[in-house]
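J.:
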Amino acid sequence: MNQNPKVSVVIPVFNDFIRLDQCLDSLANQTYKGEVEIIVADNNSTHCARAVSKKYPFATFITVEKPGSYSARNAALPLCSGNVIAFTDSDCIPDANWIKAGVECLHYENADLVGGNVDVFIEGDNITPSWAEAFELLLAFPQKENAELNRSVTANFFITAEARVKTGFFDEDTYSGADYDFSKRATSLGFKLVFGKDVIVKHPARPSLKLLRKKARRVVGGFYALRNANEAMSKQFSFLTLIKDAVPPFQAITTVSKTRKAKGISFIDGLKAILVAWHNKLYRLIIKLGFLLGFLSQTDR
Numbered sequence: 001m002n003q004n005p006k007v008s009v010v011i012p013v014f015n016d017f018i019r020l021d022q023c024l025d026s027l028a029n030q031t032y033k034g035e036v037e038i039i040v041a042d043n044n045s046t047h048c049a050r051a052v053s054k055k056y057p058f059a060t061f062i063t064v065e066k067p068g069s070y071s072a073r074n075a076a077l078p079l080c081s082g083n084v085i086a087f088t089d090s091d092c093i094p095d096a097n098w099i100k101a102g103v104e105c106l107h108y109e110n111a112d113l114v115g116g117n118v119d120v121f122i123e124g125d126n127i128t129p130s131w132a133e134a135f136e137l138l139l140a141f142p143q144k145e146n147a148e149l150n151r152s153v154t155a156n157f158f159i160t161a162e163a164r165v166k167t168g169f170f171d172e173d174t175y176s177g178a179d180y181d182f183s184k185r186a187t188s189l190g191f192k193l194v195f196g197k198d199v200i201v202k203h204p205a206r207p208s209l210k211l212l213r214k215k216a217r218r219v220v221g222g223f224y225a226l227r228n229a230n231e232a233m234s235k236q237f238s239f240l241t242l243i244k245d246a247v248p249p250f251q252a253i254t255t256v257s258k259t260r261k262a263k264g265i266s267f268i269d270g271l272k273a274i275l276v277a278w279h280n281k282l283y284r285l286i287i288k289l290g291f292l293l294g295f296l297s298q299t300d301r
């Protein structure tokens, strides 16, 4: 692969065109010197994408009727002609050097996949983070740890076209977790995944516990849907893991104690983050039991 390969950027969107504006504005001002194509996969939004598509003629817009962001990504993949495929989300703001840094990471690390850094920020003028925002600032998107486990979220994910073709497509039968499943399948084939510290996108913090719970339901539902195909997701429903979900969040305590000062987060907000992490563990336990006992089914997007 040469140092300036063609890059295809894939962005799924569902009723989030205000944030998509910010994402595309950033992609319009990248420092990368190679050829870039952008494919926006509208997941059958209730709002019309036509106005946005006219504003960004450099992007290709497609409509995907099957619900789910992975269905949208899969529909975009056959249209990708780049040697590298970069994934991000409509609510992300890529750094100006995002594509350049992603390609360089693939090249210099001799890698096939890159899980990039997701930098969480608070939207608006609120100086003091809410409980949920404190958690997100300190503990959301642990991409370095994800890469060590051979997985990445698609909010910031690069893959060579060769690795993508041999790995196949995302699992469309779930609304969450298919990115972990996809990257694990790729690495099981021998492809190398690394963490890209300087491959940065910004992501807004979820401002409320309600939204964190909604995400938890979606994530646990995704793990449950993929449990028969993915050993790591199956373990999420083992007796030992369920017991671990009931104990205090010791890993979160360690992470907060190591990173709080470097991120400029106060002791009180760090404590908030830990308490929310414990809340999230207990809530996930309840949701897992709901799926196991047949009280819940995967419905959240």
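Just so you know, full-length UniProt numbering puts 145 at position 145 of the sequence shown, and the rest follows in order with no gaps. For every residue, glycine included, the Cβ atom is placed at its ideal position computed from N, Cα and C.
Roughly how far, in whole angstroms, is the beta-carbon of residue 173 from the beta-carbon of residue 101, given that I think they are within contact range, below 8 Å?
T.: The Cβ separation is near 33 Å, so there is no contact.
J.: What residue does the beta strand (DSSP E) around residue 154 start on, and which one ends it?
T.: Counting along the chain, residue 154 falls outside any beta strand (DSSP E), and DSSP gives it neither H nor E.
J.: So, at 8 Å on beta carbons, what are the nonlocal neighbours of residue 60 in its own chain, with the 5 sequence-adjacent residues on each side left out?
T.: 37, 38, 39, 40, 79
J.: Within the same chain, show all residues whose beta-carbon is closer than 6 Å to that of residue 152, passing over the 5 residues directly before and after it, in chain order.
T.: Excluding residues within five positions, the ones whose Cβ falls inside 6 Å are 115, 146, 183.
J.: Assess, as a yes-or-no matter, whether the segment 229 to 243 is touched by the segment 90 to 105 under the definition of 3 or more beta carbon pairs within less than 8 Å.
T.: At 8 Å Cβ cutoff, the stretches do not touch.
J.: Please tell me whether residue 6 and residue 83 are closer than 8 Å, where the distance is taken between their beta carbons.
T.: In contact: residue 6 and residue 83 (Cβ atoms closer than 8 Å).
J.: Could you check what DSSP says for residue 85 in three-state terms: helix, strand or coil?
T.: It is a strand residue.
J.: Taking only runs that begin and end inside the segment 66 to 116, name each unbroken beta strand (DSSP E) of 3 or more residues, in chain order.
T.: 84 to 88
J.: Going by beta-carbon coordinates alone, are residue 42 and residue 63 separated by less than 8 Å?
T.: Their beta carbons are under 8 Å apart, which means residue 42 touches residue 63 by this criterion.
J.: Which residue marks the beginning of the beta strand (DSSP E) containing residue 262, and which one marks its end?
T.: Following the DSSP letters along the chain, one finds residue 262 in no beta strand (DSSP E), marked with neither H nor E.
J.: For a quick check, are the C-beta atoms of residue 269 and residue 111 less than 8 Å apart?
T.: no
J.: If you draw a straight line from the alpha carbon of residue 211 to that of residue 296, how long is it in whole angstroms?
T.: 18 Å
J.: Locate the beta strand (DSSP E) running through residue 8, then write down its first and last residues.
T.: 7 to 13
J.: Please give the ranges of any alpha helix (DSSP H) in the segment 233 to 274, keeping only runs that are unbroken, at least 4 residues long and fully inside the region.
T.: Secondary structure in the segment 233 to 274: the alpha helix (DSSP H) runs of 4 residues or longer, each lying completely within the stretch, are 239 to 245, 250 to 259 in chain order.
J.: How would you write the range of the beta strand (DSSP E) that residue 136 sits in, first residue to last?
T.: Note, residue 136: premise wrong, no beta strand (DSSP E); alpha helix (DSSP H) at 131 to 139.
J.: Where in the segment 178 to 203 do unbroken runs of the alpha helix (DSSP H), each at least 4 residues long, occur, reported from the N-terminal end onward?
T.: 178 to 188
J.: Can you give me the Cβ contacts of residue 72 inside the same chain, cut-off strictly under 6 Å, excluding the 5 residues immediately before and after it?
T.: 12, 41, 43, 64
J.: If I measure Cβ to Cβ from residue 221 and keep anything under 6 Å in the same chain, skipping five residues before and after, which residues do I get?
T.: Leaving aside the five residues that flank residue 221 on each side, the residues in its chain whose CB is nearer than 6 Å to its CB run, in chain order, 298.
J.: Hey, would you say residue 226 sits closer than 8 Å to residue 181, going by beta carbons?
T.: yes
J.: So, using beta-carbon positions, are residue 87 and residue 45 closer together than 8 Å?
T.: Contact flag unset, no.
J.: On the DSSP letters alone, give me the boundaries of the beta strand (DSSP E) that residue 42 sits inside.
T.: 36 to 42
J.: Within a Cβ cutoff of 7 Å, which residues of the same chain sit near residue 120, ignoring the five residues on either side of it in sequence?
T.: 136, 137, 140, 141, 203, 205
J.: Indicate the three-state DSSP secondary structure (helix, strand or coil) for residue 119 in the structure shown.
T.: strand
J.: In terms of alpha-carbon separation, which member of 99, 77, 159 lies closest to residue 113?
T.: Ranked by Cα distance from residue 113, the first of 99, 77, 159 is 159.
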